[in-house]
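These notes are about the structure you will find just below.
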Amino acid sequence: MIEIHHVHKGFEQVEAVKDVSLHVQKGSIYGLLGSNGAGKTTLLKMLAGIYKPDDGDIFIEGEPIFENVKLKKKLLFLPDNPYFFPHATIQQMAQFYRDVYPGWNEERFWQLQEWFSIDVQQKIQRMSKGMQRQAAFWLVFSVMPDVLILDEPFDGLDAVMRKKMKNLLVQDVAERNMTVFISSHNLREVEDLCDHVGILHNGEMIMEREIDDLKADVHKIQVAFRDGIPSSFLTGLQVVYQEQRGRVLLCIVRGNREEVDAYIQRFAPVIFDVLPLTLEEIFVYEMGRIGYAIESVMV
Amino acid sequence: MLSKALWFNRSIWLQHFRNIGWIAIVHLLLLLAIVPLPIMMAYTNGKNQLDYLRGLKNVFDISAPFQGMLVFTIPVLLGIFLFRYMQVKQSADYMHSLPFRRESLFTQHMMLGGMILLVPLIFTALVVSVLCYWLPLDRIASADIVLWIAEVFLMEMFVFAVSVFVGMLTGISVLQGIFAYILFLFPAGIFVLVLTNMRYVLAGFAADYYLNANIEKIVPFIRFIELSMRDFSLQEAIGYLFLTGLCIVMALWMYRKRPSEAANQALAFPILRPVFLFGVPFCFMLVGGIYFREVMNGSFGWILFGYMVFSIIGFLVAEMVIEKTWRVFHKWKGYVYFLLPMLLVGTVLYFDLTGYEKRMPKLADIEKVYFGDSVSRFDIDTQQREHHSLIEQPNQFLSSKENIQNVYIFHEQLIANKPTLPSPFADTKRVVIGYVLKNGDRLIRVYDVPTDPYMPFYKQIIESNEYKQNYYFILREKEVVPIRQVTIMMGDERFKEIVLSDPKEISGFMEGLKNDLRQESAESILKNHESWGTIELLQSDGDIIYVTWKKTYANIEKWLSRQKLLPNHR
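Just so you know, the sequences run in chain order A and B. Residue 65 in numbering that gives the first Met the number 0 sits at position 66 of the first sequence, with consecutive numbering throughout. Residue 460 in numbering that gives the first Met the number 0 sits at position 461 of the second sequence, with consecutive numbering throughout.
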């Protein structure tokens, strides 16, 4: 659905995005993570056909997106600071979207009014930041795009609204096979939403994983043995991280769950627990492995 | 259908009209206030104003200067506001994320802009037509009104196109406005700046000659105001039409290339940076030279100082605009890229490596020479009779072999001396030497030199018969009709004027006067010597010739005293 091949983009002396390649399948939700200034917004704007890459290609449904009217009619970009025409009301903006986007769904627009409970006659620029973002979401969901690109979408929304928006997103992805590309500087915010995650750091894609694979492949275990840790124990495991707590060995290992289980059972541990691992922890360890400290990558 | 889709999208029009519709209204109100309103006011002011109304030749006549101000502000504003969306980051990103190609956005905006200019014009013209029908605006015909719409619309579209064009170059609306006005003045301005400064560094450079060529014609604002007297010629109309089209095509071309992220950048394209960092200090440098010469009356050293200081200021200003901060003083290194080529150009000019200063035609190739203190007549073909001849003509073509040689020798001496810029307080005279060669080529040089050291050269030329004949109108026998009366007026009020009307007396006096003029020395002609008064010669065709009665004129002195006409105690 979305294919990015070796894309570069620089502004004057700064290279904001360096040789980024990625692939997003139709109907999936891709989370782009990174700290401020990592190049997320630049990448998103190239994806939305606003910026033209200096080098490399971006294809959506196999066609380049830049200046592609046909594709842009099915693609919507919601920036971190939504824009509305000066003094426009929601009704006027809705009229505009109705004319511009063929996918506009009038019925849905009025349905969603119950979700948002904002007066359509109100001038958007007089609303609070959170309300403006809601208005933006309202319009976006009424357009029913095939591809939705969201830049830090949940900033400024309260917890209830955040949940509602996520539900709407997931619902659209499930029902219409919409493809979503979300950027965030906060992993916790998107971990329950995305099925793929990429981490951008200083313009470079340093890691890309499928979340289910990640969770399936990484395990946090604690083991203890009657006579101390057998010397050959660790050699048979792919240890990402280890820590000795008294007699208990805490480590994070990679590998197939059953194989790891079977391997450890052979050493007859007195304690053997597999602990839940948050996505954040996985990233901390994974990134440590490839040489990044998570603090330098995400706030 | 396809072309319709390209330029018309209802929502875009509606949305933008909501934003900038006010410009159309302001345009209309101002037009009504400037054009029909003064007519109505004049009419209601009563009978004595009717002559004013009858005297109006065309619509421009009503208020050309105000129309000019309108034509040169509204379209600039329109260009700024219409394309404001691309100068603000948020809206630029938004507009470019919409499913429109840039060509389509551009076309829609230009069409809307054209309408905003045209519709109020047509409405105003209708009002004026109605007034013409009812009021005694006898000299304004409907053709005048149609022409008025065409000319105002052409000029407004030109200004609008320039505003849009420069808008593509910059990402800041304020700069868009500033650049637009600079661009209107730029062609004339740079012409004056370069030529004037050339005079400082190139001895003999005839800046005045090139500056003579009606520069104000290429300042669009001045040309517009003159429309009340002179309509556009076909060439001018085509010229403006072409420039308008060129600006629009270039603007579209740049808009397609222009990155969205140019919003809020002083220069939209990185390639403009060096152009700007070179061009601004260059113009400042030229202004600095003129300032230190013409305003501060500085010597060549001070002019160099002006070049240096002003170009540094210009460079810093350019950096400040680009960086959008005043703290750019650490960026001085870029100035070197300006300084080095300038030093090179300066060296080439100063040491005359092109040979300009020493260039002279071969003596044998010269058909005639031009000699005088002004370049004004160099282009006048001597075959063609001038409408009026001066009584004293210091600027003339000389074609006798001796005079060609005399002027040539004078010129050689000037080249050898290479007169530098004179102090403004020095007593100098402008020497203009021009050549017309046998093959038709022309060459002209101008020098400012003190008279005295060059007097021997002057004497050779000025005291020649050919020069005198050209210089004094009354020595040209063929052109002077008989004199009917001579009135000699003393400068001193105590003495009565002497009037000669007897033909015998007149011919005797004239004989003496002509001899005086023929014998007059170069010193007497070049330096204003003391005079007794003025001699008034009434010709048979009614024209009067005035001749200064210089104290050096011995022949008439003798003649008058012989006739006992001179007062005793002068």
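Glycine included, C-beta positions come from ideal geometry on N, C-alpha and C. Note that the coordinates shown come from a computational prediction; the quantities given were computed from them, not determined experimentally.
Interface residues of chain A facing residue i [CB-CB closer than 7 Å]
{"i": "B/Glu260", "result": "Phe10 and Tyr50"}
Whole-number beta carbon distance between residue j and residue i, since they are thought to touch under 8 Å
{"i": "B/Phe291", "j": "B/Phe304", "result": "7 Å"}
{"i": "B/Met154", "j": "B/Phe223", "result": "5 Å"}
{"i": "B/Gly113", "j": "B/Ala265", "result": "With a Cβ gap of about 28 Å, B/Gly113 and B/Ala265 do not count as contacting."}
{"i": "B/Lys417", "j": "B/Ala187", "result": "Rounded, the Cβ-Cβ distance is 31 Å, inconsistent with contact."}
{"i": "B/Phe508", "j": "B/Val480", "result": "Their Cβ separation, rounded to whole angstroms, is 17 Å, which puts B/Phe508 and B/Val480 out of contact at 8 Å."}
{"i": "B/Leu574", "j": "B/Phe159", "result": "Residue 574 of chain B is absent from the model: chain B starts at 0 and stops at 569."}
{"i": "B/Val430", "j": "B/Asp372", "result": "7 Å"}
{"i": "B/Tyr471", "j": "B/Leu525", "result": "14 Å between Cβ atoms; not a contact."}
Secondary structure of residue i, DSSP reduced to three states
{"i": "B/His15", "result": "helix"}
{"i": "B/Leu266", "result": "coil"}
{"i": "A/His184", "result": "coil"}
{"i": "B/Arg475", "result": "coil"}
{"i": "B/Ala205", "result": "coil"}
{"i": "B/Met0", "result": "The predicted position of B/Met0 is uncertain, since its pLDDT is 40 and thus under 50; a value taken from the coordinates is nonetheless stated next. In this structure, B/Met0 counts as coil in the three-state DSSP scheme."}
{"i": "B/Trp531", "result": "strand"}
{"i": "B/Val485", "result": "strand"}
{"i": "B/Trp325", "result": "coil"}
{"i": "A/Ile57", "result": "strand"}
{"i": "A/Asp260", "result": "helix"}
{"i": "A/Thr88", "result": "strand"}
{"i": "B/Thr547", "result": "strand"}
{"i": "B/Gln382", "result": "Because the pLDDT of B/Gln382 is 48, which lies under 50, any placement of that residue in the model is unreliable, and the question is left without a value."}
{"i": "A/Val196", "result": "strand"}
{"i": "B/Gln66", "result": "helix"}
{"i": "B/Pro35", "result": "helix"}
{"i": "B/Ile177", "result": "helix"}
{"i": "A/Val23", "result": "strand"}
{"i": "B/Arg441", "result": "strand"}
{"i": "B/Glu519", "result": "coil"}
{"i": "A/Ile1", "result": "strand"}
{"i": "B/Arg229", "result": "coil"}
{"i": "A/Arg208", "result": "strand"}
Partner residues on chain B for residue i, Cβ-Cβ distance less than 7 Å
{"i": "A/Val119", "result": "Under the 7 Å cutoff, chain B gives no residues; its nearest Cβ is about 17 Å from A/Val119."}
{"i": "A/Phe95", "result": "Ser10 and Gln14"}
{"i": "A/Val68", "result": "Pro98, Phe99 and Arg100"}
{"i": "A/Lys39", "result": "Those do not exist, as A/Lys39 stays about 14 Å from chain B at its closest Cβ, beyond 7 Å."}
{"i": "A/Lys44", "result": "Asp92"}
Neighbourhood of residue i by C-beta distance below 8 Å, restricted to the same chain and skipping five residues each side
{"i": "A/Ile89", "result": "Ile117, Asp118, Val119, Gln120, Gln121, Ile123, Ala134, Trp137 and Leu138"}
{"i": "A/Glu62", "result": "Lys69 and Leu70"}
{"i": "B/Tyr545", "result": "Ile390, Thr533, Ile534, Glu535 and Leu536"}
{"i": "B/Val151", "result": "Gln66, Val70 and Leu120"}
Contact set between residue i and chain B, taken where Cβ atoms lie within less than 9 Å
{"i": "A/Val99", "result": "Asn8, Ser10, Ile11, Leu97, Pro98 and Phe99"}
DSSP beta-bridge partners of residue i
{"i": "B/Lys430", "result": "Reading off the sequence, residue 430 of chain B comes out as Val, not Lys. B/Tyr446."}
{"i": "A/Asp150", "result": "A/Ser182"}
{"i": "A/Asp226", "result": "For A/Asp226, which the question treats as bridged, DSSP gives no partner whatsoever."}
{"i": "A/Lys8", "result": "A/Val16"}
{"i": "A/Cys250", "result": "A/Ile220 and A/Gln241"}
{"i": "A/Tyr29", "result": "A/Phe180 and A/His195"}
{"i": "B/Phe370", "result": "B/Gln395 and B/Ile432"}
Contact set for residue i: own chain, Cβ-Cβ below 6 Å, skip 5 residues either direction
{"i": "B/Leu29", "result": "Leu69"}
{"i": "B/Gln382", "result": "For B/Gln382, the predicted model reports a pLDDT of 48, less than 50, meaning its position is unreliable; a value from the coordinates is still stated below. Answer for B/Gln382: no residue qualifies."}
{"i": "A/Met143", "result": "Gly102 and Asn104"}
{"i": "B/Gln459", "result": "Asn405"}
{"i": "A/Arg225", "result": "Val269"}
Contacts of residue i in chain A (Cβ-Cβ under 8 Å)
{"i": "B/Tyr93", "result": "Pro78 and Tyr82"}
{"i": "B/Pro90", "result": "Just to set this straight, residue 90 of chain B is Ser in the shown sequence, not Pro. Those within 8 Å of B/Ser90 in chain A are Tyr82."}
{"i": "B/Pro269", "result": "Glu11"}
{"i": "B/Asn18", "result": "Phe84 and Pro85"}
Cut-off 7 Å between Cβ atoms - residues of its own chain near residue i, not counting five sequence neighbours on either side
{"i": "B/Ala261", "result": "Gly170 and Ala267"}
{"i": "B/Leu436", "result": "Pro360, Asp364, Ile365 and Glu366"}
{"i": "B/Leu182", "result": "Val161 and Val165"}
{"i": "B/Trp558", "result": "Gly507, Phe508 and Gly511"}
Residue i at chain E interface by Cβ criterion, 8 Å
{"i": "A/Ala47", "result": "Absent from the structure: chain E. Protein chains present are A and B."}
Residue i: contacting residues in chain B (beta-carbon distance under 8 Å)
{"i": "A/Lys122", "result": "By Cβ distance, chain B contributes nothing, its closest Cβ being about 12 Å from A/Lys122, past 8 Å."}
{"i": "A/Lys128", "result": "What A/Lys128 touches in chain B: nothing, since even the nearest Cβ is about 14 Å away."}
{"i": "A/Lys72", "result": "Pro98"}
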